[in-house]
Amino acid sequence: MTVDMDDRGLIVSCPSCGQKNRLAYERLGDEVRCGKCKQTLQSPAEPIELHSTADFDRLVARSSLPVVVDYWAPWCGPCRMVAPELKKVAARQPGKMIVVKVNTDELSDLGQRHNIRSIPTLAVFAGGKEVARTAGARPADQIEAFVAQASLVQQQR
Ligand SMILES: [Zn+2]
């Protein structure tokens, strides 16, 4: 899914009228209505492919929802197994988490900065910080459990 991003939020198209609406990073979990037709808009129900480090930094620093990051690369077999599982997670949990994909070949500076040694690696960011990380492919149910656990740990701090 291609979701446009700017310095203030995610730009999504209204499913009802097609109007583009901005979902501010700080209010991603809130109910937002289309500015034109008042249809309720959800945060994206599909993984968002990131194409710039600036987008990553803004999203992670300001998102009001946990951000689940999939570090992957096109040549990585297990990454291809994770992709449909992540889609399931994102589809089941709109408004609960933001799922993003970071191609470590394309955004190698992010992989280096976060010391990603193997892919696929899944990380959860909350409140601007990485709160959990796990390496290796796993099915959707286990990804959801991992994110739930990470969010719980974050709340207890
Ligand atoms: Zn609309």
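The sequence shown begins at 11 in the working numbering and counts up one residue at a time.
All C-beta atoms in this analysis are idealised placements derived from N, C-alpha and C, irrespective of residue type, glycine included.
Among the bridge pairs identified by DSSP, Ser23 is matched with Lys30. Ligand 1 has no heavy atom closer than 7 Å to the beta-carbon of Gln52. With a threshold of 16 other beta carbon atoms within 10 Å, Trp82 meets it and is buried. In this structure, Ile153 lies away from Leu69, with their beta-carbon atoms at least 8 Å apart. Exclusion of Lys30 from the 7 Å shell around ligand 1 follows from its C-beta lying no nearer than that to any non-hydrogen atom of the ligand. The Cβ neighbour count for Asp65, taken over all protein chains shown within 10 Å, is at least 16; the residue is labelled buried.
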